[in-house]
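Colleague:
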Amino acid sequence: MMNTANTIEQLKVTWRCPSNIAIVKYWGKHGKQLPCNPSVSLTLNNSYTEVDLSVSPKTGNEDVELSYFFEGERNDAFGKRVAKYLADNIEHFSFLKDHAVEIQSSNSFPHSAGIASSASAFGAIALAMFDVEYQFKGQDIDDAFYQKASNLARLGSGSASRSLFPQFAAWGEINGLEGSSDLYATPVKNVHPIFHNMCDSILIVDDQPKAVSSSVGHGLMKDHPYADARFIQAKKRCSELLEVLESGDMDKFITICESEALTLHAMMMTSKDYYLLVKPNTIEVIDKIFKYREKTGVPVYFTLDAGPNIHVLYPKKYQSDVEDFIKNDLQESCISTIFDHEGQGPMKMNK
Ligand code: DP6
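Going by my numbering, the first residue of the sequence shown is number 36, and it counts up by one from there.
1) Apart from the five residues just before and just after E106, which ones in its own chain have a Cβ nearer than 7 Å to its Cβ?
2) Any idea what DSSP makes of M256, helix, strand or coil?
3) Which whole runs of the alpha helix (DSSP H) in the segment 150 to 216 are 4 residues long or more, in chain order?
4) Between G193 and the ligand DP6, is there a pair consisting of the residue's CB and a ligand heavy atom that are separated by less than 7 Å?
5) Can you tell me whether K60 is buried or exposed, with buried defined as 16 or more other CB within 10 angstroms of its CB?
6) Would the segment 69 to 89 and the segment 120 to 134 be scored as touching if the rule is three or more Cβ pairs under 8 Å?
7) Here's the rule I'm using: 16 or more other beta-carbon atoms within 10 Å means buried, otherwise exposed. How should D322 be labelled?
8) Considering only DSSP beta bridges, list what D87 is partnered with.
9) By how many angstroms is the C-alpha of Q68 removed from the C-alpha of M36?
10) Pull up the DSSP beta-bridge partners for H65, would you.
11) Using C-beta distances below 6 Å, list every residue in its chain close to T49, excluding the 5 sequence neighbours before and after it, in chain order.
12) With DSSP as the reference, label E29 as helix, strand or coil.
13) Measure from the alpha carbon of K132 to the alpha carbon of each residue in K93, D217, A118 and R116, then state which is nearest.
14) State the Cα-Cα distance for the pair L348 and L277, rounded to the nearest angstrom.
15) Below 8 Å on the Cβ atoms is my guess for L280 versus F165; work out the distance and round it to an integer in Å.
16) For N38 and G173, I'd like the C-alpha separation in whole angstroms.
17) Could you please give me the residues that DSSP links to D375 through a beta bridge?
18) Which word fits P315, buried or exposed, when buried means at least 16 other C-beta atoms lie within 10 angstroms of its C-beta?
19) What I want to know is whether the C-beta of S250 ends up closer than 7 Å to one or more non-hydrogen atoms of the ligand DP6.
20) Pick from V136, H127, F130 and T78: whose alpha carbon is nearest that of F104?
21) Under the criterion of a Cβ to heavy atom distance below 7 Å, does S294 qualify as lining the ligand DP6?
22) Please state the DSSP three-state secondary structure of Q366.
23) Report the rounded CA-to-CA distance for T305 versus F360, giving the unit in angstroms.
24) Which of helix, strand or coil does DSSP assign to T39?
25) Using the Cα positions of A156 and W206, report the straight-line distance between them to the nearest angstrom.
26) Output yes or no for whether 8 Å exceeds the beta carbon distance between F200 and P222.
27) Run the CB neighbour count on H346, radius 10 Å, all protein chains shown included, and call it buried at 16 or more, exposed below.
28) Work out the CA separation of D340 and I267 for me, nearest whole Å.
29) M302 and W62 - do their beta-carbons sit closer together than 8 Å?
30) Measure the Cβ-Cβ separation of T338 and E275 and say whether it is below 8 Å.
31) At a cut-off of 7 Å, is L299 close to the ligand DP6 when judged by its beta-carbon and the heavy atoms of the ligand?
32) Indicate the three-state DSSP secondary structure (helix, strand or coil) for H227 in the structure shown.
33) Assuming contact is defined by CB atoms lying nearer than 8 Å, are R116 and E85 in contact in what I supplied?
34) List the whole-angstrom C-beta distance separating N344 from L238, where the pair is believed to meet the contact cut-off of C-beta under 8 Å.
35) Just to confirm, does S413 get its C-beta within under 7 Å of one of the non-hydrogen atoms of the ligand DP6?
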């Protein structure tokens, strides 16, 4: 047990955690941040959150003493969410009893860019918090550290659980994936070389804040008429996707990936309080991708987050062809493009 009587004057850690894009989507949750179906994602590289977390002795008597800054400025809106997260999970962070925390967070990507910022933010926060907890307990970072930190990241934002692992990661219990669990994400290790070095170019067609948040969307799955069928489908697709990742069947990968994107949005359109997040330019870009793929045979395909922006995915081998296609045919329908690719997971920074 850690001796919390030993308060320390100052401890600072810095973690960088990437975002991820789901191939099979998590949409619907129950209990304490548990998914209604498993999901599988690709970890990104250039789109990340960096968190500097400093710990010092408490000055007041609140359970959680947190100052939260985003890009150098105090951010009380997200700070409140983080403070609640820390309070709800205080049993995992024994040092909070005697210590205050300051978080300085920044993103490598613009706000509202269609990149899951809560995934990278909660990934980085969970890693930094748990690193401090490990240091207080005199433990070294090992493989179990990442699994436990993934559980803590999940409690902040479900999709964050997957950002802690390189390449492909699965969250939720999946037939055929040993060790998989609803509590944390598991790295997917058997990946055919055809799926190594995947590129993800994110086309921003709309940079306004979303009309309906993901939390509301998850909630609408509760009494959704198609919920049961959707959860069964996603579970089956996760198992299929793992087989496809191993065998290298690109066509089947594309079918699962694109159908998942459209199914996610179909769920939004068919919920009791229906809504539409795609924009005319989203459809225009998707249509151009279908036509380009049909004409050239280049395996370029799309997925969508819970928003209008399009993630264009393709193997690195086709990078120059697809980047020409994006520049010549797609960028006229977009505000901007973020060129990203498969990443190696989080990193502790020496600052
Ligand atoms: C459409 O992880 O943002 O991106 O757990 O409420 O924070 P919370 O939800 P969040 O939902 C992500 C939904 C998604 C699909 C996915 O990433 O799997």
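A virtual CB, placed ideally from N, CA and C, is assigned to each residue, including glycine.
Modeller: In this structure, then:
1) S141
2) coil
3) 152 to 172 and 178 to 191
4) yes
5) buried
6) no
7) exposed
8) T49 and Q139
9) Interpretation of M36 is limited by its pLDDT of 37, a score under 50 that renders its predicted location unreliable; no figure is taken from the coordinates.
10) L69
11) D87, M384 and K386
12) Here the chain comprises residues numbered 36 to 386, so residue 29 is not present and cannot be evaluated.
13) K93
14) 18 Å
15) About 28 Å; that fails the 8 Å criterion.
16) Model confidence at N38 stands at a pLDDT of 43, short of 50, so the residue's coordinates are unreliable and nothing is read from them.
17) D235
18) exposed
19) yes
20) V136
21) no
22) helix
23) 33 Å
24) Here T39 scores only 45 on pLDDT, less than 50, and its place in the model should not be relied on; the value that follows carries that caveat. Three-state DSSP puts T39 in coil, outside helix and strand.
25) 17 Å
26) yes
27) buried
28) 20 Å
29) yes
30) no
31) yes
32) coil
33) no
34) 6 Å
35) Absent from the model: residue 413. The displayed extent of the chain is 36 to 386, so no value can be given.
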